[in-house]
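Residue numbers (our numbering): 2 to 139. Glycine included, C-beta positions come from ideal geometry on N, C-alpha and C. The structure appears right after this line, and notes come after that.
As structure tokens, then:
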């Protein structure tokens, strides 16, 4: 069994996943539009270019997402995507935090804490909440 986050977007899934690919260095392995799906005729023409399913792979982990029609979209709340950077990789944590924070909102600047060499919280430009953690050596 595997548990993966699935993110809902308000029409910006493709841009968000391309941004995550650039910031995190993973790879988009699936990007299907509504127009390329069996649901094409059920969607308004303007919505057919939006994403019905996307998969981003980073190592052994997956992040999936889709655009949700405006009448069903709800702003993300009550969760964060936690990205654990390897211990003693402070420069990587700082770089990724800065990249994800571009045009977003920093909630807690990345800094040393009692449990981590680097920890910070932000909401990216697409509304996804992130926590970046770089643990202390055991």
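What does the alpha-carbon distance come out to for the pair residue i and residue j?
{"i": "residue 46", "j": "residue 69", "result": "15 angstroms"}
{"i": "residue 127", "j": "residue 34", "result": "18 angstroms"}
{"i": "residue 106", "j": "residue 41", "result": "35 angstroms"}
{"i": "residue 117", "j": "residue 123", "result": "16 angstroms"}
{"i": "residue 139", "j": "residue 84", "result": "18 angstroms"}
{"i": "residue 3", "j": "residue 98", "result": "26 angstroms"}
{"i": "residue 94", "j": "residue 43", "result": "43 angstroms"}
{"i": "residue 67", "j": "residue 104", "result": "21 angstroms"}
{"i": "residue 65", "j": "residue 8", "result": "6 angstroms"}
{"i": "residue 110", "j": "residue 39", "result": "44 angstroms"}
{"i": "residue 49", "j": "residue 91", "result": "42 angstroms"}
{"i": "residue 37", "j": "residue 86", "result": "36 angstroms"}
{"i": "residue 88", "j": "residue 73", "result": "40 angstroms"}
{"i": "residue 112", "j": "residue 96", "result": "13 angstroms"}
{"i": "residue 79", "j": "residue 137", "result": "26 angstroms"}
{"i": "residue 75", "j": "residue 23", "result": "26 angstroms"}
Could you work out which residue in the options is closest to residue i when comparing CA atoms only?
{"i": "residue 101", "options": "8, 129 and 85", "result": "129"}
{"i": "residue 5", "options": "93, 63 and 81", "result": "63"}
{"i": "residue 25", "options": "51, 17 and 32", "result": "17"}
{"i": "residue 125", "options": "52, 31, 77 and 32", "result": "77"}
{"i": "residue 31", "options": "15, 23 and 20", "result": "15"}
{"i": "residue 71", "options": "61, 11 and 23", "result": "11"}
Going by DSSP, which residues form a beta bridge with residue i?
{"i": "residue 33", "result": "54"}
{"i": "residue 64", "result": "57"}
{"i": "residue 27", "result": "According to DSSP, which records beta bridges pairwise, residue 27 is partnered with nothing at all."}
{"i": "residue 9", "result": "67"}
{"i": "residue 135", "result": "86 and 119"}
CB-CB under 6 angstroms to residue i, same chain, minus the five flanking residues each way: which ones, in chain order?
{"i": "residue 141", "result": "Here the chain covers residues 2 to 139 and nothing more, so residue 141 does not appear."}
{"i": "residue 120", "result": "114 and 134"}
{"i": "residue 132", "result": "81, 83 and 122"}
{"i": "residue 21", "result": "57"}
At least one CB of chain C closer than 7 angstroms to the CB of residue i: is that the case?
{"i": "residue 57", "result": "No chain C appears in this structure, which consists of one protein chain only."}
Excluding five sequence neighbours on each side, which residues of the same chain lie with their C-beta closer than 7 angstroms to the C-beta of residue i?
{"i": "residue 53", "result": "33, 34, 35, 38, 40 and 67"}
Can you name, in chain order, every residue of its own chain whose Cβ lies under 8 angstroms from the Cβ of residue i, other than the five neighbours on each side?
{"i": "residue 13", "result": "68 and 127"}
{"i": "residue 55", "result": "14, 15, 18, 29, 31, 32, 33, 65, 66 and 67"}
*If you scan the region 72 to 116 from start to end, which runs of the beta strand (DSSP E) of 3 or more residues do you find wholly inside it?*
Counting whole runs of 3 or more residues, the region 72 to 116 contains the beta strand (DSSP E) stretches 82 to 86 and 106 to 112.
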